[in-house]
Every structure is written in structure tokens, then in C-alpha cells.
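Residue numbering for the sequence shown follows the UniProt record's numbering, starting at 1 and increasing by one per position. Note that beta-carbon positions come from the ideal geometry of N, C-alpha and C, so glycine has one too.
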Amino acid sequence: MSLSLTQDDNTALFRKAWTLYDAISEKNYMFHREIYSHVTRMLQKRHELGAYHLLDLGCGNARFLAPCLQSAPPASYDGVDLSASALEEARSYLNGLSNTGLHHKDMLLAVEDTDSAFDIIFSGFAVHHLDAASKQRLFSACAEHLAPEGQFILVDVVREEGQTREQYLEAYLNCMRTQWTEVHPEHLAEACAHVESYDFPETLAELGQMAKRAGLSEPQVIDSYQQHHILRFTV
1 MSLSLTQDDN TALFRKAWTL YDAISEKNYM FHREIYSHVT RMLQKRHELG AYHLLDLGCG
61 NARFLAPCLQ SAPPASYDGV DLSASALEEA RSYLNGLSNT GLHHKDMLLA VEDTDSAFDI
121 IFSGFAVHHL DAASKQRLFS ACAEHLAPEG QFILVDVVRE EGQTREQYLE AYLNCMRTQW
181 TEVHPEHLAE ACAHVESYDF PETLAELGQM AKRAGLSEPQ VIDSYQQHHI LRFTV
């Protein structure tokens, strides 16, 4: 059974978790370097086709996406996040890019409420915090606000087929406790508690069904590193 997070829950979650997440990602335990190398190539290919507009859902401080954008500058970039402090940091990482906008807002409401169309909607390690119904709403909103031939690029954790959430958590938490050796024990315990309380990943088949109901393509798996996947959906 998945948990539905309220706006206040989400705000508290990201205020508390962002600095810890940033420190953990620095150690590459979630394969950020490999994943964002793929993202860079994907954006470069889109950039070669002409100007494109990008919406980043759950952008945080944009420290990993910003170098990708520098190598393939979009005509406009809009980042959405619930952490005001992360958005302040994002301004420095995005320095030099033109037509950037940062929005302190719930990512689902942001994409549902926009009047704009985007060539790329991107989300990195944020969608798995939503419950299944909210994920479906997100897919539908993305489909509605993607331009013709647009792409929804999703970087996130994915459960194995037939694996329950409890089994997924057992495996992921075991990986954290045995492989994340450079994380201070107190911070590791906090990270594990965060995952156990707020992570609700879907299987690839479930994500495919959500995409199909929204009118998007089946997920194209660009690559995967353990539970961490790079997926592309198109209109």
C-alpha cells in the first residue's frame, strides 16, 4: 500500500533530506556520474535538432543536470522544487544559461497548471516519492504538455517485476548498509529511514501501463545501474 504525501509532508521531507541527498550523491552511490553522462548525450542529440525547451521536475539544486545543460543549452529551462534552499543553490549552478526560471512549487501541480509546452520534461530521482495515483496524474500531465515529438526523461529507481515494495526495500536498504561505507553512521541511519518511509518505486511494467494510459510510448530503457534506471517516454 503506497503513501500519499500532502503538500506540507513534501515540503518537510525535502527541506530535511536535501543536504543529506546531496552529500550521498557526491559519493556516486546512486550512479549519478554514469547516469548523467547518458543524459548529456540525450540532450546533445536533441540540441542538434534545434532549439528546445526543458522542464525539470524536482530539480533540487540542479548540480548534476546543469553541466548537461551547459553542453546542450536549451532555449529555456524551468526548474521546479519544494526546497527553497536547493533552488537558491541552483541559481549558481545554472549561471550562464539564458532564460532560466526556478519555481518553488509541488512538481505535480506545476506541470498540471502550466500553459506551456516543452520539448523535454525531465525528472531525476523524484517521481518515486509519489503514490501510484499521483504518478498516473504526472504521466498524464506530461503527455498533455509535451510538444510534438517531445520526450519525458525519467531517472529513477525501479522495482523488479514481481518484487513487492517490502522486498525492494529490504534489498535496497541492505545495499545502503553494506556498500555506502563512506557515509557517517548517523547520516546513513537517517537516509535509510527516509527510504523506508518515502520510497514507492514502481516496476517497469507498471510505469509502462501508466505511460500507455496517458498516451505516451512504452518506456525505452536507456541504461540501468542496479535499481537506478534512465527511461525515455515519447508522445
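Check: Enclosing alpha helix (DSSP H) for Thr178 [first to last residue]; Outcome: 165 to 179
Check: The stretch 103 to 116 contacting the stretch 166 to 180, beta-carbon criterion three pairs below 8 angstroms; Outcome: no
Check: 8 angstroms contact criterion, which Gly150 and Val235 should meet: CB distance rounded; Outcome: 5 angstroms
Check: Where Leu60 falls: helix, strand or coil (DSSP); Outcome: According to the sequence shown, residue 60 is Gly rather than Leu. Note: Gly60 maps to coil in three-state DSSP.
Check: Validate contact between the stretch 182 to 196 and the stretch 116 to 126 using beta carbons, cut 8 angstroms, 3 pairs; Outcome: no
Check: Own chain partners of Gly101 with C-beta closer than 8 angstroms, once the 5 adjacent residues on each side are dropped; Outcome: Ser76, Tyr77, Asp78, Gly79
Check: 8 angstroms CB neighbourhood of Gln44 in its chain, flanking five on each side removed; Outcome: Ser71, Ala72
Check: Inter-residue spacing [alpha-carbon to alpha-carbon] between residue 240 and Ala66; Outcome: Absent from the model: residue 240. The displayed extent of the chain is 1 to 235, so no value can be given.
Check: Buried versus exposed call for Val221 [16 or more other C-beta atoms within 10 Å across all chains shown]; Outcome: exposed
Check: Residue burial classification, Asn61 (beta-carbon count within 10 angstroms, cutoff 16); Outcome: buried
Check: Under the three-state DSSP convention, the category Pro185 falls into; Outcome: helix
Check: The stretch 182 to 191 in contact with the stretch 135 to 146 per 3-pair CB rule at 8 angstroms; Outcome: no
Check: Whole runs of the alpha helix (DSSP H) within the UniProt domain "Methyltransferase type 12" (55 to 152), excluding any shorter than 4 residues; Outcome: 65 to 71, 84 to 93, 107 to 113, 132 to 145
Check: Residue environment, Glu48, which counts as buried when at least 16 other CB atoms sit within 10 Å; Outcome: exposed
Check: Distance, Ala117 Cα to Asp56 Cα; Outcome: 13 angstroms
Check: Gln227, DSSP secondary structure in three states; Outcome: coil
Check: C-beta contact flag for Leu69 and Ile120 at 8 angstroms; Outcome: no
Check: Cβ-based neighbour list, Arg137, same chain, cut-off 8 angstroms, excluding 5 preceding and 5 following; Outcome: Leu108, Glu112
Check: Local Cβ density within 10 Å of Cys175, reported as buried at 16 or more and exposed below that; Outcome: exposed
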